[in-house]
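Notes follow once the structure below has been shown.
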Amino acid sequence: MPTILSVLALLTYSAASVLLVADLRADRPRTRALGRFWLDLSTGLVVLAVLSVAITRGPIALFSRTWVFLLVAVVIAVGGLGLRLQFSHRVIGAATAPVASFLLALQLLEVQRVAGAESELGLVLVVHVGLALLGLGIFGLAAALSALYLLQDRQLRHRRFGSLFQKLPSLEELDTAGFRLVVLGFATYSVGLVIGGVEAWFVRDDGFDLRMLLAFFAWLVFAAVVHLRLTSGWRGRQSSWMTVVGFLSALLVLLFYSFP
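For the record, in the sequence shown the residue sitting at position 142 is 1127 according to the numbering used here, with numbers rising by one throughout.
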């Protein structure tokens, strides 16, 4: 059942992505309404998929490598609902639905690869994985807002003040909301990283591997974004690009974790 729900969520998120991006390019009320419908349905399906895993396999199974992409996708989905309180659904949907679609596609590949094999996790690893995935999902939301910032900035620099410019939020709104998400994700990811590092070094005696190096690089990128913003007022395109790079780096850690 979780796999079926994930497939349905991937299909509906893909449909929402196409429709909402098309609506951003040209005002089409019917397209917008359909996009919103598929976006809302996708969110419900992702939540149901998570609940299905928790009920049929136990809550701890959610933190095994089999379902990690699904957990990040649900953070994107639920976080997107929160962002829609501040921004229009078509803007947030156009930015977050493609990210969720990609994560669900990776989820289905992972399920096929491991064929239902789920490793046992101790409490420390559950906390580590849970916080890291929550932080990654928040970074994904921040990266989505950064992508919107870069798109709106491009409209301004090229003096394109058409319908797309009017639909997108202001640079100030996107920058402020994106930075708040970066700070929240950074705090969560940092705690998860510390717990995972201590557990790997002292409990499992795994030493320092490529995954830890990539995780530390992603942490450094976001640390730089936060530090430069607070000390130098640094913002704009450079900050947005670094947010996207940081998210992709953290996502690579998850890929190495799931596809060793």
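Idealized CB from N, CA, C, for every residue including glycine.
Whether residue i touches residue j by CB criterion (8 Å)
i: ASP1025; j: ARG1017; result: no
i: GLY1329; j: THR1081; result: The first residue shown for the chain is 986 and the last is 1245, placing residue 1329 beyond what the model contains.
i: VAL1084; j: LEU1056; result: no
i: GLY1122; j: ILE1061; result: yes
i: GLY1020; j: ALA1046; result: no
i: MET986; j: SER1037; result: yes
i: LEU1093; j: SER991; result: yes
i: TRP1210; j: THR1228; result: Residue 1210 is actually Val in this sequence, not Trp. Contact: yes.
i: GLY1114; j: VAL1031; result: The amino acid at residue 1114 is misidentified as Gly; the sequence shows Val. Result no, Cβ atoms of VAL1114 and VAL1031 do not sit closer than 8 Å.
i: TRP1023; j: THR997; result: yes
i: LEU1199; j: PHE1241; result: yes
i: SER1225; j: LEU1135; result: yes
i: VAL1206; j: VAL1168; result: no
i: LEU1239; j: GLU1184; result: no
i: LEU1159; j: GLN1140; result: no
i: PHE1202; j: SER1175; result: no
Where residue i falls, given that 16 or more other Cβ within 10 Å makes a residue buried
i: GLY1177; result: buried
i: ILE1077; result: buried
i: ASP1012; result: exposed
i: HIS1215; result: Correcting the residue type first, residue 1215 is Leu in the shown sequence and not His. The residue is exposed, with fewer than 16 neighbouring Cβ atoms inside 10 Å.
i: GLY1170; result: buried
i: ARG1166; result: For the record, residue 1166 in the displayed sequence is Leu; it is not Arg. Answer is buried; the Cβ neighbour count reaches 16.
i: GLN1223; result: exposed
i: GLN1097; result: exposed
i: ARG1010; result: exposed
i: PRO1044; result: exposed
i: PRO1154; result: buried
i: LEU1070; result: exposed
Cβ-Cβ separation, residue j to residue i (assumed contact under 8 Å), whole Å
i: LEU1213; j: TRP1219; result: 4 Å
i: PHE1232; j: GLY1125; result: 6 Å
i: SER1027; j: ALA1079; result: The pair is not a contact, with the Cβ atoms about 13 Å apart (cut-off 8 Å).
i: LEU1130; j: ALA1172; result: With 8 Å as the limit, LEU1130 and ALA1172 do not qualify as a contact, their Cβ atoms being about 18 Å apart.
i: GLY1182; j: MET1197; result: 7 Å
i: ARG1075; j: LEU1133; result: Actually they do not touch by this definition, with Cβ atoms about 11 Å apart.
i: LEU1089; j: ALA1058; result: 5 Å
i: SER1086; j: SER1217; result: Going by Cβ atoms, the distance from SER1086 to SER1217 rounds to 36 Å, so no, they are not a contact pair.
Min CB distance residue i to chain D below 8 Å
i: ASP1138; result: In the structure shown, chain D cannot be found, because there is only a single protein chain.
- In chain order, which alpha helix (DSSP H) runs of at least 4 residues are fully inside the segment 1143 to 1186? Along the length of the segment 1143 to 1186, whole alpha helix (DSSP H) runs at least 4 residues long occupy 1148 to 1152 and 1156 to 1183, reported in chain order.
- Task: Would you list, in sequence order, the uninterrupted alpha helix (DSSP H) runs of no fewer than 4 residues that lie entirely inside the segment 997 to 1028?
- Result: List check, alpha helix (DSSP H) in window: nothing returned.
- Going along the chain, which unbroken runs of the alpha helix (DSSP H) with 4 or more residues stay wholly within the segment 1043 to 1105? Annotation note: the segment 1043 to 1105 contains the following uninterrupted alpha helix (DSSP H) runs of length 4 or greater, listed N- to C-terminal: 1053 to 1068 and 1074 to 1099.
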